[in-house]
Every structure is written in structure tokens, then in C-alpha cells.
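*Asks:* Before we start, here is the structure in question, set down as C-alpha cells.
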Amino acid sequence: MSPADVPAAERALRHVQARSTGGPLDRAWRVTLNFHPERVVAALVDTGRYVSQFVTGTSNGGLTAFAEGDRWRWESRMFGGVYDQALAHERPVYGGLNFRLSPYGASPRFGSAHLRLTADTLSRTTFCYPDSVLEPEHFGTADRMALIGIALADDRDLLDDYIEAHVHGPVSVEADAEALVLDPSYRGTEVEEAASRLPCAVEWHPGYRLSVDELRRHPDFRGPRYVDLGLEIAVDGILTPKIIGDVRDRYDQQDLKKVWHLLARFGRP
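For the sequence shown, the residue numbers in the working numbering are 1 to 269.
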């Protein structure tokens, strides 16, 4: 078989493995895919698949998933160019390795909900630290994982200390997800109703809840304008993920993202 006949996902795994060091990771750890659930859960029900920004055209990070865009360039660098000519649905999806065993998932800066993937997906996942936006030099695979020590020795903010994961190949909710984990503010909502139709377990984490008094204490975290926006949309002096989700069509998405960062960073019990 010529190199061109090897699937891009397999070539990407080989490329990253050759750049990785260390021993195997703990198979009890899981990759989690964090996201905001309002639209994603319904899409999971409709399609049964979790797909990348290249397919959806949306993101809870930067919007650069197009030919020659930043995300395209970062993937070309990380994976040796194997996806440069790939179709959108062939590209990997992004999450984090939950080696800290957080009930909120590995990378909550990207959303209050997460899919917890099965152990079997670890074998087709690559990792980097820090986030690929920073063009990292440290990489890992399930068999060569030196990133844990690097991440533990680093001193990053609570929202930035995750090991990024790239799951190669299709991600099926039925075949690849152990559970969908939601914030309790979505109990009794359309999100919970949609989640109940998924072919995986539905679980609940301890929740995010931020008082306006606590919000006012952090104008330097993302900037005073986002504190003001949080104060504007709060209900009865409180911010929750659902409250932010309920106003997603009335405000700029990038502005709401910064309000979410404040809630994710300072709103854990």
C-alpha cells in the first residue's frame, strides 16, 4: 500500500506519534468534548455525529476553519499536512484529556456541557499542550504521553490548563460516547428533552452559578464591558449557562463567549 492509500486519520496519528515521548496514559482517563448545548444536542439527535468546526462553521473558540485560515494552518502544522486536501467531515474533532478527573470535563472554556468518550477512542486520539492556537511543540498519543508532567508543571489559568485532544475519524454518539454531561440549569428544558433521545447516558455535573456580586469582583479577567454585559443579562442577580444560552440570539456571540468565561472561571461551587 502506498502512503497515499493510507487514510488521512492514520497518517496523522503516525505523524504525531513520531513526535511524541513518554509512556502510555492511564486508560481510566477519558477524552471529553465540551460545548454549549443549545444547538449541539439537537444536532446530535438529528445526525448521531459530533463534527468539527470545518463542518458546522461555528465555534466556541476562534472562527478560522477554512482553507488557509488559522485553524487550517495549525492542523497542517500538527498533522504533517495530511488533511490539507481533506473534506470537512474527514477532519478531527477537538476536546481535552480529562486527566484531572473534573466533573465539568477537560476544557470547560468551550462550554458547560460535554460528551465523555469511551476508552476505545483513546487509540485514535492525538494530544498537544498547550492549546493548538499557541502552536505547541509538545505532543502525545495514548501510547506516548509525556504531556501530563508538562501540564502539571505549568502555571496557567484554570480555563487554559487543559491538554488538547484531537479525535481522528468519525465520532458517533452511539458508538463512541459514554455519556452526555449537562449543567443542572438545563433540567426540565428542551435541552434535557432532546438529550433523553440520545443513545447514551445523560448525567449532570455540579453546575455553574455566579452571583452579580461575585461577577463585579473580576473586571480584569476579560474586561469591564463583559462584566457589564453579564450584569445586564443576569436574572434575579444570578448567571447560569442557561441564562446565557437564552439570550444567544440577542447579543454578539463573541461577547457572550467572554461572559461565559467569567461564569466558567468563577461560578463553580
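Beta carbons: idealized from backbone N, C-alpha and C, even for Gly. Nothing here was measured: the structure is a model prediction, and the numbers come from that model.
What is the DSSP secondary structure of V51, reduced to helix, strand or coil?
*Replies:* coil
*Asks:* According to DSSP, simplified to helix, strand and coil, what is E38?
*Replies:* helix
*Asks:* Sort out for me which residues DSSP pairs C128 with in a bridge.
*Replies:* F139, E164
*Asks:* Can you grab the Cα-Cα spacing for the pair D220 / A175, in whole Å?
*Replies:* 43 Å
*Asks:* Can you tell me the Cα-Cα spacing of A146 and G22, whole angstroms?
*Replies:* 4 Å
*Asks:* Taking the beta carbon of G267 as the centre, do at least 16 other beta carbons fall within 10 Å, making it buried, or is it exposed?
*Replies:* buried
*Asks:* Compute the distance between the beta-carbons of T126 and V6, then report whether it is under 8 Å.
*Replies:* no
*Asks:* May I have a chain-ordered list of the beta strand (DSSP E) segments no shorter than 3 residues that lie completely inside the segment 166-247?
*Replies:* For the segment 166-247, whole beta strand (DSSP E) runs of length 3 or above, ordered along the chain, are 177-182, 201-204.
*Asks:* Report the option in S112, A119, F79 whose CA atom is closest to the CA atom of L97.
*Replies:* A119
*Asks:* Figure out for me which residue from G81, D160, G245 has the closest Cα to the Cα of G105.
*Replies:* Among G81, D160, G245, the Cα nearest to that of G105 belongs to D160.
*Asks:* Let's test the definition: count the other Cβ atoms within 10 Å of the Cβ of P269 and tell me whether it reaches 16, buried, or not, exposed.
*Replies:* With fewer than 16 other Cβ atoms within 10 Å, it is exposed.
*Asks:* Give me the DSSP bridge partner(s) of V93.
*Replies:* BP columns for V93 point to V167.
*Asks:* Determine the closest residue to D249 out of R30, N34, R39, with distance taken between C-alpha atoms.
*Replies:* Selected option, being the one with the closest Cα: R39.
*Asks:* Give the secondary structure of S2 by DSSP, where H, G and I count as helix, E and B as strand, and everything else as coil.
*Replies:* Caution is warranted here: a pLDDT of 46 is assigned to S2, below 50, making its placement in the model unreliable, and the coordinate value is therefore given only provisionally. If DSSP states are grouped into helix, strand and coil, S2 belongs with coil.
*Asks:* Using C-beta distances below 6 Å, list every residue in its chain close to R27, excluding the 5 sequence neighbours before and after it, in chain order.
*Replies:* Short of 6 Å from the beta carbon of R27, and not among the five residues preceding or following it, lie these beta carbons of its own chain, in chain order: A119.
*Asks:* Taking the alpha carbon of D228 as the reference point, which residue from D255, L122, G69, R19 has its own alpha carbon closest?
*Replies:* D255
*Asks:* Of the choices A179, L87, W72, R91, whose alpha-carbon is the least far from that of R30?
*Replies:* A179
*Asks:* Just mark V171 as buried or exposed, buried being the case when its beta carbon has 16 or more other beta carbons within 10 Å.
*Replies:* buried
*Asks:* Assuming V181 and H166 form a contact by the criterion Cβ under 8 Å, report the distance between their Cβ atoms to the nearest whole angstrom.
*Replies:* Actually they do not touch by this definition, with Cβ atoms about 20 Å apart.
*Asks:* My output table needs one value for K258: the three-state DSSP class, helix, strand or coil.
*Replies:* helix
*Asks:* Nearest to S196 by alpha carbon, out of E10, D46, L13, P24?
*Replies:* D46
*Asks:* In the DSSP assignment, the alpha helix (DSSP H) including R156 goes from what residue to what residue?
*Replies:* Looking at the DSSP string, R156 is not in any alpha helix (DSSP H), and its letter there is neither H nor E.
*Asks:* Let me know if R91 comes out buried or exposed under the rule of 16 or more other beta-carbons within 10 Å of its beta-carbon.
*Replies:* R91 comes out buried.
*Asks:* Tell me whether V51, by its Cβ, gets closer than 7 Å to a heavy atom of the ligand PLP.
*Replies:* By its list of ligands, the structure shown contains no ligand whatsoever, and the ligand PLP lies outside what it can speak to.
*Asks:* Taking Cβ positions, are L262 and R222 nearer each other than 8 Å?
*Replies:* yes
*Asks:* According to DSSP, simplified to helix, strand and coil, what is R121?
*Replies:* According to the sequence as given, residue 121 is Thr; it is not Arg. Correct three-state label for T121: helix.
*Asks:* Give me whichever residues DSSP pairs with L33 in a beta bridge.
*Replies:* L115
*Asks:* Which residues in the same chain have their Cβ closer than 8 Å to the Cβ of D157, if we skip the five residues on either side of it in sequence?
*Replies:* The answer, listed in chain order, is R265.
*Asks:* Please list the terminal residues of the continuous alpha helix (DSSP H) segment that includes R77.
*Replies:* 70-78
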